[in-house]
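Chemist:
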Amino acid sequence: MAKYICKRIIMAIVVLLLIASLTFLLMNLVPGGPFLSEKAPSQAVLDALNAKYGLDQPLHIQLKNYMVNALHGDFGVSLKMQKNRPVTDIIIEMFPVSLRVGIVAVIVAVICGVPMGCIAAYYRGGKMDSFLRVVMTLGISIPGFVVATLLLIFFGVKLHWLPTMGLNGWTSYIMPAFTLAFYPMCYLGRLSRSSMLDAINQDYIRTARAKGVKGKAIIFKHALRNALIPVVTYLGPLTAGIVTGGFVAETVFCIPGLGRYFVQSVLNRDYPIIMATTIFLAALVILMNLVVDILYKVIDPRIDITKGGEH
Amino acid sequence: MAGGDKSNNPVLLQVENLKKYFPIQGGKGNAKWVQAVESVNCFIRKGETFGLVGESGCGKTTLGRTILRLHEPTSGRIIYDGEVIYDGANGKNQPNMLPYRRKMQIIFQDPSASLDPRMTVGEIVGEALDIHNMCKTKEERTNRINELLETVGLNAEQSNRYPHEFSGGQQQRIGIARALAVEPEFIVCDEPISALDVSIQSQIVNMLEDMQEELGLTYLFIAHDISVVRHISDRIGVMYLGNMVELGESRELYANPLHPYTKTLLSAVPIPDPEVSKTRQRIVLEGDIPSPINPPSGCRFHTRCPYATERCKTEVPEWREIEHDHFAACHIL
Numbered sequence: 050m051a052k053y054i055c056k057r058i059i060m061a062i063v064v065l066l067l068i069a070s071l072t073f074l075l076m077n078l079v080p081g082g083p084f085l086s087e088k089a090p091s092q093a094v095l096d097a098l099n100a101k102y103g104l105d106q107p108l109h110i111q112l113k114n115y116m117v118n119a120l121h122g123d124f125g126v127s128l129k130m131q132k133n134r135p136v137t138d139i140i141i142e143m144f145p146v147s148l149r150v151g152i153v154a155v156i157v158a159v160i161c162g163v164p165m166g167c168i169a170a171y172y173r174g175g176k177m178d179s180f181l182r183v184v185m186t187l188g189i190s191i192p193g194f195v196v197a198t199l200l201l202i203f204f205g206v207k208l209h210w211l212p213t214m215g216l217n218g219w220t221s222y223i224m225p226a227f228t229l230a231f232y233p234m235c236y237l238g239r240l241s242r243s244s245m246l247d248a249i250n251q252d253y254i255r256t257a258r259a260k261g262v263k264g265k266a267i268i269f270k271h272a273l274r275n276a277l278i279p280v281v282t283y284l285g286p287l288t289a290g291i292v293t294g295g296f297v298a299e300t301v302f303c304i305p306g307l308g309r310y311f312v313q314s315v316l317n318r319d320y321p322i323i324m325a326t327t328i329f330l331a332a333l334v335i336l337m338n339l340v341v342d343i344l345y346k347v348i349d350p351r352i353d354i355t356k357g358g359e360h
Numbered sequence: 428m429a430g431g432d433k434s435n436n437p438v439l440l441q442v443e444n445l446k447k448y449f450p451i452q453g454g455k456g457n458a459k460w461v462q463a464v465e466s467v468n469c470f471i472r473k474g475e476t477f478g479l480v481g482e483s484g485c486g487k488t489t490l491g492r493t494i495l496r497l498h499e500p501t502s503g504r505i506i507y508d509g510e511v512i513y514d515g516a517n518g519k520n521q522p523n524m525l526p527y528r529r530k531m532q533i534i535f536q537d538p539s540a541s542l543d544p545r546m547t548v549g550e551i552v553g554e555a556l557d558i559h560n561m562c563k564t565k566e567e568r569t570n571r572i573n574e575l576l577e578t579v580g581l582n583a584e585q586s587n588r589y590p591h592e593f594s595g596g597q598q599q600r601i602g603i604a605r606a607l608a609v610e611p612e613f614i615v616c617d618e619p620i621s622a623l624d625v626s627i628q629s630q631i632v633n634m635l636e637d638m639q640e641e642l643g644l645t646y647l648f649i650a651h652d653i654s655v656v657r658h659i660s661d662r663i664g665v666m667y668l669g670n671m672v673e674l675g676e677s678r679e680l681y682a683n684p685l686h687p688y689t690k691t692l693l694s695a696v697p698i699p700d701p702e703v704s705k706t707r708q709r710i711v712l713e714g715d716i717p718s719p720i721n722p723p724s725g726c727r728f729h730t731r732c733p734y735a736t737e738r739c740k741t742e743v744p745e746w747r748e749i750e751h752d753h754f755a756a757c758h759i760l
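Chains as they are written, first to last, in our numbering: chain B, 50 to 360; chain C, 428 to 760.
(1) In its own chain, which residues sit with a C-beta less than 8 Å from the C-beta of residue 246 of chain B, not counting the 5 before and 5 after it?
(2) Under 7 Å, CB to CB, which of the residues in the segment 270-303 of chain B have a partner in chain C?
(3) Taking only beta carbons into account, state which residues of the segment 333-350 of chain B come closer than 9 Å to chain C, listed in chain order.
(4) Is residue 468 of chain C helix, strand or coil by DSSP?
(5) Within 10 angstroms of its Cβ, does residue 752 of chain C collect 16 or more other Cβ (buried), or is it exposed?
(6) Does the beta carbon of residue 58 of chain B come closer than 8 Å to any beta carbon on chain C?
(7) Under the three-state reduction of DSSP, which class applies to residue 128 of chain B: helix, strand or coil?
(8) Quick check: is the beta carbon of residue 716 of chain C nearer than 8 Å to any beta carbon in chain B?
(9) Let me see if you follow: with CB-CB separation under 8 Å, is residue 751 of chain C close to chain B or not?
(10) Name the DSSP beta bridge partners of residue 746 of chain C, please?
(11) Please report the Cβ distance between residue 463 of chain C and residue 491 of chain C, rounded to the nearest whole angstrom; I am assuming they are in contact, meaning their Cβ atoms lie under 8 Å.
(12) Mind checking the segment 631-651 of chain C against chain B and listing, in chain order, the residues whose C-beta falls within less than 8 Å of any C-beta there?
(13) To the nearest angstrom, how far is it from the Cα of residue 261 of chain B to the Cα of residue 177 of chain B?
(14) Please name the residues in the segment 246-261 of chain B whose beta-carbon is closer than 9 Å to at least one beta-carbon of chain C, in chain order.
(15) Which residues in chain B have a C-beta closer than 9 Å to the C-beta of residue 738 of chain C? List them in chain order.
(16) From the DSSP output, which residues share a beta bridge with residue 674 of chain C?
(17) Give a yes or no on whether the minimum CB-CB distance between residue 541 of chain C and chain B is below 8 Å.
(18) Do the segment 277-287 of chain B and the segment 553-563 of chain C make contact, defined as three or more Cβ pairs closer than 8 Å?
(19) Look at the alpha carbon of residue 50 of chain B and the alpha carbon of residue 296 of chain B, and state the distance between them as a whole number of angstroms.
(20) Would DSSP call residue 308 of chain B helix, strand or coil?
(21) Where DSSP assigns a beta bridge to residue 460 of chain C, which residues make up the other side?
(22) At a CB distance below 7 Å, what residues from the segment 549-580 of chain C approach chain B? Give them in sequence order.
(23) With distances taken between CB atoms, is the gap from residue 579 of chain C to residue 634 of chain C smaller than 8 Å?
(24) Against residue 589 of chain C, what residues of chain B qualify as contacts under a CB-to-CB distance less than 9 Å, listed in chain order?
(25) Residues of the segment 653-678 of chain C in Cβ contact with chain B at a cutoff of 8 Å, in chain order, please.
(26) With a 10 Å radius around its C-beta and 16 neighbouring C-beta atoms as the bar for buried, classify residue 319 of chain B as buried or exposed.
(27) In the DSSP assignment, find the unbroken beta strand (DSSP E) run with residue 502 of chain C in it and report its ends.
(28) Starting from residue 614 of chain C and walking both ways along the beta strand (DSSP E), at which residues does that stretch end?
(29) Would you decide whether residue 528 of chain C is buried or exposed? Buried here means 16 or more other CB atoms lie within 10 Å of its CB.
(30) Hey, could you find the ends of the alpha helix (DSSP H) residue 254 of chain B is sitting in?
(31) Report yes or no: is there a C-beta of chain B within less than 8 Å of the C-beta of residue 533 of chain C?
(32) May I ask you to verify whether the segment 218-232 of chain B touches the segment 194-203 of chain B, counting CB pairs closer than 8 Å and requiring at least 3?
(33) Taking just the CA atoms, how far does residue 147 of chain B sit from residue 85 of chain B?
(34) With a cut-off of 8 Å, does the C-beta of residue 528 of chain C fall near any C-beta of chain B?
(35) List the whole-angstrom C-beta distance separating residue 64 of chain B from residue 335 of chain B, where the pair is believed to meet the contact cut-off of C-beta under 8 Å.
(36) Using only the alpha-carbon positions, how far apart do residue 281 of chain B and residue 515 of chain C sit?
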């Protein structure tokens with residue numbers, strides 16, 4: 050097991066290096082640069098700025114310098130958005146904001162989504178099932194900005210129940226968290242419905258009934274434990290995606306989180322911030338996937354993660 | 428088993444006009460039905476092995492499961508040991524099966540699929556003990572689980588392992604230990620050996636036979652392999668397309684099959700002697716098995732029966748005792 054985790058971590062570092070190089074190259078291929086604005090600076094100023102931040106050197110030298118610095122923990126300073134502030138400082142400031150909203154959203158998605166799927170599966174073919182399936186299909190098809198705007202109009206503007214912007218007090222978490230949670234909640238619902246239906250029709254459920262296990266115990270003890278396996282797979286990338294912040298939710302509700310900042314950094318060509326946030330996000334996704342793979346072993350004894358994909 | 432006459436034993440299980448229809452096309456109202464089990468009558472005596480044979484899809488497994496009410500019957504009556512455990516006349520108001528789950532058990536066909544992959548063997552066997560409050564202390568429970576595993580030829584140390592770590596034959600032993608845990612009287616063996624290697628099959632059959640002797644069990648043994656059923660059964664029922672077509676004492680049924688379908692079935696059993704095989708006349712049926720969604724009118728076998736008459740097409744043959752202890756449903760008898 051320890052050997053397996055070490056192997057995965059080494060692989061993760063290789064993947065991160067590849068992602069970093071690719072992002073670096075792509076980012077530089079995009080026209081424009083951090084110092085261009087409506088009021089164009091003179092060529093002399095531009096040259097001086099480029100020289101100061103090392104942007105005048107050939108690309109491969111820039112990449113090498115960046116990598117060497119990054120491996121020493123120095124991810125550079127912001128070129129434009131918060132001029133000369135170390136990028137790591139910015140991430141340390143913004144990530145917890147996104148993380149807090151994101152964790153609430155993940156909890157909401159799991160706590161509502163999985164039972165929703167189970168209830169639909171339990172009453173399969175019935176009215177409850179049809180109703181929940183409509184809700185879940187809507188949830189997957191309605192884009193986040195629509196959900197956010199509708200919430201804003203009803204609960205913020207019309208009813209004045211919830212604050213419309215910022216993060217002050219727990220009530221201000223409700224709408225952004227729900228916006229972030231709505232899609233994954235419905236997706237989880239559909240996923241757990243289908244895997245639950247699959248589990249309910251398995252032979253071992255019949256065995257449990259033959260033993261005399263009662264209806265609800267069959268659902269929770271036998272079916273759910275087996276149905277959760279595919280659900281956990283989705284949870285890894287989901288958590289990584291949500292806690293790094295949703296651009297839409299953070300923009301609509303004016304939350305100073307990482308998700309919004311990431312998109313702004315791309316628009317502003319603030320190279321070091323683009324690089325750092327991309328690497329950070331990738332690392333988080335890789336980490337969550339590793340966690341999921343280890344969790345797999347815990348919830349499904351048939352899986353031996355240290356050997357290929359075979360059971 | 429085959430030894431000893433059990434024809435005077437009291438009746439343990441009586442099935443009267445049992446029907447099981449499955450809905451298809453999901454909807455209510457004008458839904459279609461798969462008539463998986465149609466008006467089956469039979470009884471099983473205490474301590475005997477009742478063999479059930481028939482082609483794939485003829486409703487053997489459904490009948491076995493419906494008797495245990497793992498499928499809720501559509502109509503009919505099931506009487507176990509003098510107590511009615513299902514009566515179609517009472518609608519949804521049926522007796523609670525929990526006390527009968529201790530007496531009636533089942534061994535499933537696919538051993539790997541019928542064991543919960545997330546439970547250890549000990550948990551699988553122990554769950555049944557917990558449900559029926561059979562062990563007072565933890566120690567008693569552990570001892571009982573170990574004892575059961577040893578009864579079926581596994582080691583007590585294997586109780587912490589998961590089902591996938593065992594071979595097919597061992598998994599079926601776990602399934603048997605699980606069924607035996609509640610000390611049942613009656614066990615439905617639903618093709619317990621058809622998923623196993625031939626070399627393992629005889630081990631399991633022998634084990635089942637030994638257990639019957641030791642524990643005084645009654646079996647409903649479902650199989651499509653007639654030679655196995657013949658070896659193990661005291662009496663045999665033959666099913667075709669949801670109907671029981673013939674029922675008789677094992678040797679009698681072989682020596683003197685009455686129903687045309689039974690004759691066909693027996694003539695298809697391979698004989699490991701080329702001389703006999705050459706001289707024997709094999710009856711080959713025309714056509715395929717009709718669909719149980721739209722079964723033929725009258726006698727369900729009339730579309731393939733070499734002796735079918737006009738009467739067979741319209742009138743359902745009555746289930747009657749043709750000779751002593753030998754039942755069949757056919758107009759020409």
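Ideal Cβ positions, reconstructed from N, Cα and C, are used throughout, including at glycine.
Modeler: Working from what's here:
(1) Working through the first sequence from its first residue, we reach residue 246 of chain B at position 197. Within the same chain, residue 246 of chain B has close Cβ partners 170, 173.
(2) 271, 274, 275
(3) 348, 349, 350
(4) Translated into positions along the second sequence, residue 468 of chain C becomes position 41. Here residue 468 of chain C sits in strand by DSSP.
(5) Residue numbering aside, residue 752 of chain C sits at position 325 when the second sequence is read from its first letter. When all chains shown are included, residue 752 of chain C counts as exposed.
(6) In the first sequence, residue 58 of chain B corresponds to position 9, counting from 1. By this cut-off, residue 58 of chain B is not an interface position.
(7) The sequence position of residue 128 of chain B within the first sequence is 79, counting from 1. In the structure shown, residue 128 of chain B sits in coil (DSSP, three-state: anything other than H, G, I, E or B).
(8) Taking the second sequence and counting its residues from 1, the one referred to as residue 716 of chain C is at position 289. Cβ-Cβ to chain B under 8 Å: no for residue 716 of chain C.
(9) Residue numbering aside, residue 751 of chain C sits at position 324 when the second sequence is read from its first letter. No - not a single Cβ of chain B is within 8 Å of the one on residue 751 of chain C.
(10) The residue given as residue 746 of chain C occupies position 319 in the second sequence. DSSP output for residue 746 of chain C lists no bridge partner at all.
(11) Position 36 of the second sequence, counted from the first residue, corresponds to residue 463 of chain C. Position 64 of the second sequence, counted from the first residue, corresponds to residue 491 of chain C. Contact flag wrong, Cβ pair sits at about 11 Å.
(12) none
(13) Counting from one through the first sequence, the residue named residue 261 of chain B turns up at place 212. Counting from one through the first sequence, the residue named residue 177 of chain B turns up at place 128. Using only the alpha carbons, I get a separation of about 27 Å.
(14) 251, 252, 253, 254, 255, 256, 257, 258, 259, 260, 261
(15) Residue numbering aside, residue 738 of chain C sits at position 311 when the second sequence is read from its first letter. What residue 738 of chain C touches in chain B: nothing, since even the nearest Cβ is about 41 Å away.
(16) Walking along the second sequence from the start, residue 674 of chain C turns up at place 247. Partner(s): C/664, C/754.
(17) On the second sequence, position 114 is the one that residue 541 of chain C refers to. Answer yes: the Cβ-Cβ gap between residue 541 of chain C and chain B drops below 8 Å somewhere.
(18) no
(19) Residue 50 of chain B sits at position 1 when you count from the first residue of the first sequence. Residue 296 of chain B sits at position 247 when you count from the first residue of the first sequence. Spanning the two alpha carbons is a distance of roughly 37 Å.
(20) Against the first sequence, residue 308 of chain B aligns to sequence position 259. It is helical.
(21) Translated into positions along the second sequence, residue 460 of chain C becomes position 33. Answer is C/450.
(22) 554, 555, 558, 559
(23) Within the second sequence, residue 579 of chain C is the residue found at index 152, counting from 1. Within the second sequence, residue 634 of chain C is the residue found at index 207, counting from 1. Contact: yes.
(24) If you number the second sequence from 1, residue 589 of chain C lands on position 162. Under the 9 Å cutoff, chain B gives 350, 351.
(25) Answer in chain order: no residues at all.
(26) As a working mapping, residue 319 of chain B is identified with position 270 in the first sequence. Burial call: buried.
(27) Translated into the one-based positions of the second sequence, residue 502 of chain C becomes position 75. Per DSSP, the continuous beta strand (DSSP E) segment holding residue 502 of chain C begins and ends at 502-507.
(28) For the purposes of this step, residue 614 of chain C is identified with residue 187 of the second sequence, where counting begins at 1. 613-617 is the extent of the beta strand (DSSP E) around residue 614 of chain C.
(29) For the purposes of this step, residue 528 of chain C is taken as residue 101 along the second sequence, with counting starting at 1. In summary, residue 528 of chain C is buried, with 16 or more beta-carbon neighbours lying within 10 Å of its beta-carbon over all protein chains present.
(30) Numbered from its first residue, the first sequence carries residue 254 of chain B at position 205. 252-260 is the extent of the alpha helix (DSSP H) around residue 254 of chain B.
(31) The count along the second sequence starts at 1 and reaches residue 533 of chain C at position 106. Yes, its Cβ sits closer than 8 Å to a Cβ of chain B.
(32) Yes: at least three Cβ pairs fall under 8 Å.
(33) Working through the first sequence from its first residue, we reach residue 85 of chain B at position 36. Working through the first sequence from its first residue, we reach residue 147 of chain B at position 98. Computed Cα separation, rounded: 29 Å.
(34) In the second sequence, counting from the first residue as 1, residue 528 of chain C sits at position 101. Cβ-Cβ to chain B under 8 Å: yes for residue 528 of chain C.
(35) Here residue 64 of chain B refers to the residue found at position 15 of the first sequence. Here residue 335 of chain B refers to the residue found at position 286 of the first sequence. About 6 Å separates the two Cβ atoms, so the contact holds.
(36) Within the first sequence, numbered from 1, the residue matching residue 281 of chain B stands at position 232. Within the second sequence, numbered from 1, the residue matching residue 515 of chain C stands at position 88. Rounded to the nearest angstrom, the two C-alpha atoms are 44 Å apart.
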